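In my numbering, each number is its position in the sequence shown, counted from 1, plus 299. Read the structure below first, then the notes.
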Amino acid sequence: MLDWTDKHCRYFHRLLTQKTRLYTEMVTTGALLHGDQPRHLDFNQEEHPVALQLGGSEPADLAACAKLAEQWGYDEVNLNCGCPSERVQRGAFGACLMAEPALVADGIKAMLDAVSIPVTIKHRIGIDRLESYEFVRDFVGAIADVGCTVFIVHARNAWLQGISPKENRELPPLRYELVHQLKREFPGLTIVLNGGVKTDEQIAEQLLHVDGVMVGRQAYHEPWQMAAWDQRFFGTAGPARNHENGREQVEVEWLKYLEAQVASGRPWTQAMRHALGLWNGQAGSRRWRQIWSDHQYKAMDAAAVAALATQSRTGIAAHVAEHQAQTEALRQAAAAA
Numbered sequence: 300m301l302d303w304t305d306k307h308c309r310y311f312h313r314l315l316t317q318k319t320r321l322y323t324e325m326v327t328t329g330a331l332l333h334g335d336q337p338r339h340l341d342f343n344q345e346e347h348p349v350a351l352q353l354g355g356s357e358p359a360d361l362a363a364c365a366k367l368a369e370q371w372g373y374d375e376v377n378l379n380c381g382c383p384s385e386r387v388q389r390g391a392f393g394a395c396l397m398a399e400p401a402l403v404a405d406g407i408k409a410m411l412d413a414v415s416i417p418v419t420i421k422h423r424i425g426i427d428r429l430e431s432y433e434f435v436r437d438f439v440g441a442i443a444d445v446g447c448t449v450f451i452v453h454a455r456n457a458w459l460q461g462i463s464p465k466e467n468r469e470l471p472p473l474r475y476e477l478v479h480q481l482k483r484e485f486p487g488l489t490i491v492l493n494g495g496v497k498t499d500e501q502i503a504e505q506l507l508h509v510d511g512v513m514v515g516r517q518a519y520h521e522p523w524q525m526a527a528w529d530q531r532f533f534g535t536a537g538p539a540r541n542h543e544n545g546r547e548q549v550e551v552e553w554l555k556y557l558e559a560q561v562a563s564g565r566p567w568t569q570a571m572r573h574a575l576g577l578w579n580g581q582a583g584s585r586r587w588r589q590i591w592s593d594h595q596y597k598a599m600d601a602a603a604v605a606a607l608a609t610q611s612r613t614g615i616a617a618h619v620a621e622h623q624a625q626t627e628a629l630r631q632a633a634a635a636a
């Protein structure tokens, strides 16, 4: 997700789950070939497994960027054919490419020929009023014919005109049944469903029909949800496995990362914005976020801000616990009367 899933965000998510595959922001081929490659490609080794997501349409450029992904150590390179924004359309990539399956196939083939790491694709079930199953089936078939085996399918049409990318996250309706049908028709392909899945129960339900689930904004806004994924979906203990004090454990490790950023000459604020949801749903979380976001503390050491935030959060939590205990005592007294 553009401006969201940068390397700081991905490092934070790795403190919560080690098995879930992480994806970079979409990077255009032009930015990689003519821009600051280290800025776009640098990542922490702790992020593995991690995939580089590309935006582009020229086969030669896609092949060159796939080589860069492999050289930099990425585990996968993914072509985005799902983004509906007008800026992406002007660059002739994203969701509009679904109207040109032969061109997409050429690009995927060029990437597959250039690298040994997996080459995957992310796309929609349709564009504009092209809503038939046959449209997405033929698109998948054309790409599979050149050797691509992993398809991440956003179960919503991309409307390229008339609504904003934000609105396109809600409109038109999700159609999971089309993604399920793709898996039935192409059992040898890896089909991953994307779009609208929020709870662990919904993830588990979708995994009865497809091979994987991609979760985007939900995971970003409610990051603690990821702490249970390694155990539930991969059968192995995750890095935040002690759920009684797991958030504290994650916060300690995250603070070390913030301090390392400062030591290398970067302000901790660039990274901290991605972790503001850590305590969501817990007493004192709002005040904890407010302190980390308060501009008057930006010049302070991260450790000092962390101490202030924790002090405020735990003080509110203790007050809430005391109030709950008093309420329960009154309830029990009334019941006994």
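Think of the CB as a built atom: it goes at the ideal place given N, C-alpha and C, for glycine as much as any other residue. All values derive from a computational prediction rather than experimental measurement.
Three CB pairs or more closer than 8 Å across the stretch 374-383 and the stretch 417-424: yes
Proximity of L315 and M525 at Cβ, strictly below 7 Å: yes
Range covered by the alpha helix (DSSP H) that runs through A568: Reading the sequence as shown, one finds Thr at residue 568 and not Ala. That run of the alpha helix (DSSP H) goes T568 to M571.
Straight-line Cα distance separating D341 from N493: 26 Å
Own chain residues within Cβ distance below 8 Å of P472, not counting five before or after: R455
Sequence-distant residues of its chain with Cβ nearer than 7 Å to Q553 (five each side left out): Strictly speaking, residue 553 in this sequence is Trp, with Gln absent from that position. Closer than 7 Å at Cβ, skipping near neighbours: F311, L314 and A574.
Beta-carbon spacing of L332, A409 below 7 Å: no
Reduced DSSP secondary structure (H/G/I, E/B, other) of T498: coil
Bridge partners - T489, DSSP secondary structure assignment: V449
Beta-bridge partners of E375, as assigned by DSSP: A350
Inter-residue Cα distance where the pair is A606 and E484: 55 Å
Touch test, the stretch 392-406 against the stretch 347-366, Cβ-Cβ under 8 Å, three pairs minimum: yes
Element boundaries [beta strand (DSSP E), containing Y322]: L321 to T327
Ordered list of beta strand (DSSP E) runs contained in the stretch 382-431, each at least 3 residues: 418-423
Beta bridge counterpart(s) of V512 as assigned by DSSP: L492
One or two residues paired with A457 in a DSSP bridge: I426
Where the alpha helix (DSSP H) through W587 begins and ends: S584 to S592
Host alpha helix (DSSP H) of D529 (start-end): W528 to F533
Residue range of the unbroken alpha helix (DSSP H) whose run includes P337: Q336 to L340
Buried versus exposed call for D529 [16 or more other C-beta atoms within 10 Å across all chains shown]: buried
The stretch 577-588 contacting the stretch 557-565, beta-carbon criterion three pairs below 8 Å: no
8 Å Cβ shell around A601 - same chain, five flanking residues per side excluded: L554, L557, E558, V561, W567 and M571
Distance between beta carbons of A441 and A413, contact taken as under 8 Å: Not quite, the Cβ-Cβ distance comes to about 20 Å (not below 8 Å), so this is no contact.
DSSP state of T304 mapped onto helix, strand, coil: coil
Local Cβ density within 10 Å of E504, reported as buried at 16 or more and exposed below that: exposed
Best match in F532, L396, S584 and V514 for proximity to E547 [C-alpha to C-alpha]: S584
Host alpha helix (DSSP H) of W553 (start-end): G545 to A562
Outcome for H303 when other beta-carbon atoms lying within 10 angstroms are tallied against a minimum of 16: Sequence inspection shows Trp at residue 303; the His mentioned does not correspond to that position. It counts as exposed.
Cβ neighbours of W371 in the same chain (closer than 6 Å, five flanking residues each side left out): L340
Option nearest A326 by Cα separation, candidates A527, K597 and P337: According to the sequence provided, residue 326 is Val. The question's Ala does not apply to it. Considering only alpha carbons, the answer is P337.
Start-to-end residues for the alpha helix (DSSP H) that takes in R483: Y475 to E484
Cβ-based neighbour list, D437, same chain, cut-off 8 Å, excluding 5 preceding and 5 following: P400
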